[in-house]
Amino acid sequence: MTIASAQMTKRADVTGHRVTGLVLLVIGLAIFGLFGAALEPGLETKFGLNPGFGSQAIKIPDLVLPTQPAIYMLAGMAVFFGAWQLARGFRSVGAVIGIVAFCFIAAFLLWAARGKTFNLVGMLSSSLVRATPIALAALCGVISERAGVVNIAIEGIMLMATQTAVVSATISGNLYVGLVVAILTGMLLAAIHAFLAIKFKVDQIVSGVAINIFATGATSFISSRFLERNTDVLNNSGTFPVIAIPLLSKIPILGPIFFANNIIVYLMILLVVALHVLLFYTPWGLRTRAVGEHPKAADTLGINVYLMRYVNVILGGAIAGVGGAYFSIGSVGRFDEIMTAGKGFIGLAAMIFGKWNPVGAFFSSLLFGFADSLQVKLQILRVPIPSEFLLMAPYIVTMVVLAGVVGRAIPPAADGVPYEKD
Amino acid sequence: MTPVLELRGITKKFPGVLANDNINLTLEQGEIHALLGENGAGKTTLMNILYGLYKPDEGHISVRGQPVDIHVPNDAIARGIGMVHQHFMLVPVMTVTENVMLGVESTRGGAFLDREEAARRIEKLSEKYGLEVDPHTYIKDLPVGVQQRVEIIKVLYRQADILILDEPTAVLTPQEAEELFKILRSLTAQGKSIIFITHKLKEVMAIADRITVLRLGAVAGSVRPAETDPAKLAALMVGRDVNLVVSKKAATPGDVVLQVDDLHALDERGNLIVRGVSFDVRAGEVLGVAGVQGNGQTELVYALTGLRPPASGEIRILGEPLGRLTPRDILEKGVAHVPEDRQRHGLVLSFPVSDNLVLCTYYLPPFARGISLQEDAIISASQELVKQFDVRTPNVFVDVSTLSGGNQQKVIVAREFSRPIKLLIASQPTRGLDVGSIEYIHGRIIAKRDEGTAVLLVSSELDEILALADRIAVMYKGQIVEIVPAAGVNRKYLGLLMAGVKPAEAGAAVGVGAAEAEIERVF
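Respectively, the protein sequence lines represent chains A and B. Residue 122 in the working numbering sits at position 122 of the first sequence, with consecutive numbering throughout. Basically the working numbering = 1-based index in the second sequence + 1000.
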């Protein structure tokens, strides 16, 4: 490389660094101006570190912070990182963006809960619960797209499974029957999508949209025609109980967040680990990824591309079915129209943000779950922001993430491309 | 001794085409059998049948005297037949080990991948056959020559003893090709048998023990290299005598037409891939840009033709700086472009031949008046061009996509050459074409040069550069390593430059083996 060209590359990088630095700097100043400056001094913010329910072996004292100094400190941190980025540039820009985003959210919480108590553990625990259907949708997307089939029907699959779960659970009087029926529903709808996409090479977006529209219409019809009139016999199942895992659930802070949940949350965590192992440490996973990246290569090695795709898409449907079950029998015990509210699509965003990795998808789902649960808490705290705007929070986070603010992810090379055997 | 492989009476029809017509082929143990033929002669179809990717309509296959049925690649693999495809069948985001073990994975505990065990087996194979490769690197980080080794390892890993190599040298530098030939020799020495598919005459003469020539889906002849020569093979391939040498007079360079100064350009991902290129091209000369694909040639041409503006540097045409002009502004300055990807940048495949022939001029009289196209003028002009440039098409109304590759390229040549041009930029102008079309297009390019057009020829085929260029610029990693006069240049020297060897070292290396290189040049 000549000196001139080395300078050129550097110049292009430097411009990028500067822009990021400037944005971070502005965020730092915004923390100062929006949250810090207008406060009357002497206020304190209390963060509760115990769950709102159950007994704890060790009671942890609340975290009490003086509001204004704490906000100033966070603003100072953001300004410092922004200025450093502007002037010198960090090696890991992603980490810096993460730190400043944390400063902003923490400052916002300090401000929102000034003079009050805010149950931090309660909110984190509800973040995990609210992340559950998103993570399950994301896992469905991961396994299906890793095999090369785009599945945007997840929303519809989950909605359908939500309804079949609650109806079958109510009729049979057994929640586990509901869960199994939800899984079977998911598999059936995914099989239809797979059949259209793989066998008939229908455009996978069109096929997915068709299933979503079908699911919306069918569930709404069944709901208004049958469920609303016969609530007690068809649409009142009760919900899975919270199972506190002995000992583990007594760990301060982490215990109530991770080890006192219902079966669907545990199942989700289990599936994250299982899918990660399956995809990256087994022959099946290797073949699945090969089929999603370069199906022809897999074919020439005697791997049945179509079979791999069918099985993975249908497996994804089963996972989305579990996600559907969460909405009804895992959370409120009844079906309401359109109750998935776009969580299937947010799951796809989490899949992309998680770079098509099960573990990455899980952590990005937590982010969306956090945004969702934050908006609920803020409404309770009576933050002077219209509730309509607060309700948008998870969707705004989705858009920001998808706009690629946090770096571009590369999908499997053959994602969404039907395989033609010449 | 029974042959290891025997094909008898293989026939395969595709709609409208007889791709294979009663083909017989025998492969003996330990021999390299070349399958020679033009594009579309049926070589790849035949091998795909052998590998179970296609089903033959007639004929049968025996392996070691046993008749076999091959329906899917697994059947072929089970009979010890392995194939190295022309377009590598490797997953770029996976490691060498993962690619090699795919489909026959080693496992631990019955369920989990055992990457270490597979890597050990790969290392053993690479030692045994001299196929050097690191099992833990990702495919996307490997040069093509090494990727090909991985393909060969993949086949050996499945215990194949019959190897089919489909156009294996198409993507290699001359040095890499020589390396490959050494590997093939070591494979046959250890009892493997090889079918080597190619359309390059020089290669079959160098490597094959036996040559079977295919023409229009049928066997045109089967010979040993000692009994034949390149001219005879070419005649067998094409069905008539072919002039293998482009006849041309010495160039008479005039004024500078294209001047490029310290040009930098980015690839589609924003990486700097052309790093400070400077050269000029004069009227009446051909400057050939040699180099292995992916060393910035594509992006250089994009910058010159306005398809992607350069990052920095200056381009002057007839002394006038190009600035940020659109492709149309540039072609109106008298620049013709024969693009590398003819189907993407050269033609609108779903348009008829006539419309494709006026793509550069449709908005000018006589083809347009105001906002309306003058169909009559377009049709009569295109009929004239089709005649003049010998485009084989039923008429000018058929979609250009229905034409063969050679005729599609002739449509582009007709369009670009029929305008008054001062500079011709031709990128891979004969890639994938048959010998007849190559001969034709080479002749046209030289004719343009003799009319006083400046020609910039970009090609990864060293033979093409040597045949046409008056001066040769070798590109490596985005820079021009050296520009040399074509007369008397040493082929091996160019090959070394293409592989990244410094000019001084390359010169020294060639000095020692100059006699050898001389012999090679004679082909």
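Beta carbons: idealized from backbone N, C-alpha and C, even for Gly.
In DSSP terms, what residue i is bridged to
i, result
"Thr1011/B", "Glu1058/B"
"Thr1252/B", "Per DSSP, none; premise fails for Thr1252/B."
"Val1338/B", "Ala1426/B"
"Ser1222/B", "Thr1212/B"
"Arg1108/B", "Phe1112/B"
"Val1458/B", "Val1289/B and Ser1427/B"
"Gln1066/B", "Val1063/B"
"Thr1173/B", "Answer is none; Thr1173/B lacks a bridge partner."
"Asp1166/B", "Ile1197/B"
"Gly156/A", "Gly156/A pairs with nothing; no bridge assigned."
"Pro1485/B", "Arg1471/B"
Extent of the continuous beta strand (DSSP E) to which residue i belongs
i, result
"His1264/B", "Val1256 to Leu1266"
"Ile1472/B", "Arg1471 to Tyr1476"
"Asn1024/B", "Val1017 to Leu1027"
"Ser1278/B", "Leu1272 to Arg1282"
"Met1083/B", "Ile1081 to Val1084"
"Leu1035/B", "Ile1032 to Gly1037"
Cβ-based neighbour list, residue i, same chain, cut-off 6 Å, excluding 5 preceding and 5 following
i, result
"Pro1143/B", "none"
"Phe35/A", "Ile71, Ala107 and Trp111"
"Ala6/A", "Residue placement at Ala6/A cannot be trusted, given a pLDDT of 48 that sits under 50; the coordinates are not used to answer."
"Ala1019/B", "Lys1012, Gly1042, Thr1045 and Gly1217"
"Ala1034/B", "Phe1196, Val1204, Ala1208 and Ile1211"
"Leu348/A", "Gly141"
"Ile1107/B", "Looking at the sequence itself, residue 1107/B is Thr, so the reference to Ile does not match. Asp1114."
Residue i - containing alpha helix (DSSP H), residue span
i, result
"Ile143/A", "Leu120 to Arg146"
"Thr67/A", "Thr67 to Ala87"
"Glu44/A", "Per DSSP, Glu44/A belongs to no alpha helix (DSSP H); it is in the beta strand (DSSP E), Glu44 to Gly48."
"Asn200/A", "At residue 200/A the sequence reads Phe, which differs from the Asn that was named. Unbroken run through Phe200/A: none, as it is neither H nor E."
"Glu1439/B", "Val1435 to Asp1450"
"Leu1233/B", "Pro1230 to Val1238"
"Ala106/A", "Val93 to Ala112"
Close Cβ partners of residue i (< 8 Å) along its chain, the five nearest in sequence each way excluded
i, result
"Ile1421/B", "Gly1334, Val1335, Ala1336, Lys1448 and Thr1453"
"Ile1023/B", "Leu1007, Gly1009, Ile1010, Thr1011, Gly1042, Leu1046, Gly1059, Leu1214, Gly1217, Ala1218 and Val1219"
"Lys116/A", "Thr45, Lys46 and Leu381"
"Leu248/A", "Gly255, Phe258 and Phe259"
"Ala1170/B", "Gln1086"
"Tyr1054/B", "Lys1012, Thr1045 and Asn1048"
"Val19/A", "none"
"Asp1161/B", "Val1004, Gly1080, Gly1191, Lys1192 and Ser1193"
Spatial neighbours of residue i in its chain, beta-carbon cut-off 7 Å, leaving aside the 5 residues before and after
i, result
"Ser144/A", "Asn151, Asn312, Val313 and Gly316"
"Phe47/A", "Asp62, Leu63, Phe118 and Leu120"
"Arg1392/B", "Asn1407"
"Leu1258/B", "Asp1280, Val1281, Ile1317, Leu1423, Ala1454 and Leu1456"
"Arg1324/B", "Pro1309"
"Leu1304/B", "Ile1315 and Ile1425"
"Arg1158/B", "Ile1077, Gly1082 and Val1104"
"Thr164/A", "Val181, Ala182 and Thr185"
"Asp415/A", "Glu145, Gly148, Val150 and Gly292"
Test item: CB-CB of residue i and residue j under 9 Å
i, j, result
"Lys1410/B", "Ser1427/B", "no"
"Val322/A", "Asn235/A", "no"
"Pro1168/B", "Leu1180/B", "yes"
"Pro1135/B", "Ala1111/B", "no"
"Ser1278/B", "Val1260/B", "yes"
"Val1246/B", "Leu1494/B", "no"
"Ile385/A", "Leu374/A", "no"
"Ala1234/B", "Val1242/B", "yes"
"Leu279/A", "Ile352/A", "no"
Residue i: CB within 8 Å of a non-hydrogen atom of the ligand ZN
i, result
"Lys116/A", "Of ligands this structure carries none, so the ligand ZN is not represented either."
Against chain B, which members of the stretch 295-306 of chain A pass a CB distance test of less than 8 Å? Lys296, Ala297, Ala298, Asp299, Thr300, Leu301, Gly302 and Ile303
Near-chain A residues of the stretch 1065-1078 of chain B - C-beta to any C-beta below 8 Å:
Val1072, Pro1073, Asn1074 and Ile1077
| Using Cβ-Cβ distances below 7 Å, what residues of the stretch 1098-1119 of chain B are close to chain A? | Glu1098, Leu1102, Gly1103, Glu1105, Thr1107, Ala1111, Phe1112 and Leu1113
*asked:* Which residues of the stretch 271-285 of chain A have a Cβ closer than 7 Å to any Cβ of chain B? Give them in chain order.
replied: Tyr281, Thr282 and Pro283
- Item | Interfacial residues, the stretch 1084-1095 of chain B to chain A, with Cβ spacing under 9 Å | His1085, His1087, Phe1088, Met1089, Leu1090, Val1091, Pro1092, Val1093 and Met1094
ask   = Got a sec: which bits of the stretch 143-173 of chain A sit with their beta carbon under 8 Å from any beta carbon on chain B, in order along the chain?
value = none
Mind listing which residues of the stretch 407-421 of chain A have their C-beta closer than 7 Å to chain B's C-betas, in chain order?
none
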